[in-house]
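Protein chains in written order, with the working numbering: chain A, 2 to 131; chain B, 22 to 135.
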């Protein structure tokens, strides 16, 4: 009884603020968080798709919704979520194909994901003139 | 490889295959967006209701829903340990995803009707 994981008094140290996650771990965890964020945005995205295609007037009201300052902030969050999930996802696919598994390569891959998503975000924000 | 192993592998395979399709679709959609001459209602509507694009978007939505289902299922299984709560949240998830899917297909098929 005293040896079961539920009852023994072995100290478990899980202070999330004190755990220093390596970059590969940050990229991995952010992949999960951005996935959940994108799921939460899904119903709203479908609603906007409906508005945008129904008529000329509803297309304009969709534009007006998206041009509100709060919505612009949300769009930046969602753009980051998509770009991070996209590039980190490609990295995981490559790792599944046994490309970039070795420690130094995995670390390089995580850096490439970070650089790619920052460049893409700047390109989109600059290109669309957000 | 026994059938049991294949059973456990299936969600993993669906997650990866759908991921590849989603990546290809996003690349295509971004290319279309940045080569479009204008972003206006008429051009957007004719793009979406072009038979090729309607098909590609339809497949994308199916791939996306499977992808979201497996991803969110894994997250819920990791953090929600109470069995009844787990079943309840998974059922809500399925409802939301099917609802979103039907809504998009209604939008896509309206072009055929009207």
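Where a beta carbon is used, it is the ideal one built from N, C-alpha and C, also for glycine.
Remember, predicted model here, so these are calculated numbers, not experimental data.
Within the same chain, and ignoring the five residues on either side of residue 36 of chain B in sequence, the residues whose Cβ sits closer than 6 Å to its Cβ are 91. In this structure residue 84 of chain B is buried. Its beta-carbon is surrounded by 16 or more other beta-carbon atoms within 10 angstroms.
With contacts defined by Cβ atoms closer than 8 Å, residue 88 of chain A and residue 117 of chain A form a contacting pair. The closest CA to that of residue 110 of chain B, considering only B/121, B/97 and B/79, is found on B/97. By a beta-carbon distance limit of 8 Å, residue 22 of chain A contacts residue 30 of chain A. Their separation comes to about 7 Å. For residue 16 of chain A and residue 125 of chain A, the gap between their C-alpha atoms comes out near 37 Å. Here residue 16 of chain A carries a coil assignment [DSSP, helix/strand/coil]. Within chain A, not a single residue places a beta-carbon under 8 Å from that of residue 116 of chain B; the smallest gap is close to 11 Å. For a cut-off of 8 Å, the C-beta gap from residue 42 of chain A to residue 95 of chain A is around 26 Å, too long to register as a contact. Non-local beta-carbon contacts of residue 100 of chain A in its own chain, meaning distances under 7 Å to residues more than five positions away in sequence, are absent. Taking 8 Å as the CB threshold, residue 36 of chain A lines the interface with chain B. Contact of residue 40 of chain B with chain A is assigned, a C-beta pair being separated by under 8 Å. In this chain, residue 60 of chain B is not harboured by any alpha helix (DSSP H), its DSSP state being neither H nor E.
Of all residues in the region 39–52 of chain A, only 39, 40, 43, 44, 46, 47, 48, 50 and 51 come within less than 9 Å of chain B when Cβ atoms are compared, listed by chain position. Around the beta carbon of residue 110 of chain A, 16 or more other beta carbons lie within 10 angstroms, which makes this residue buried. Here the alpha carbon of residue 94 of chain B sits roughly 25 Å from the alpha carbon of residue 114 of chain A.
Within the region 66–93 of chain A, the residues whose Cβ lies closer than 7 Å to any Cβ of chain B are, in chain order, 87, 90 and 91.
Straight through space, the alpha carbons of residue 100 of chain B and residue 48 of chain B are spaced by roughly 33 Å. C-alpha of residue 64 of chain A to C-alpha of residue 83 of chain A: approximately 20 Å in a straight line. Each residue's CA atom was taken as its position, placing residue 49 of chain A and residue 85 of chain A some 22 Å apart.
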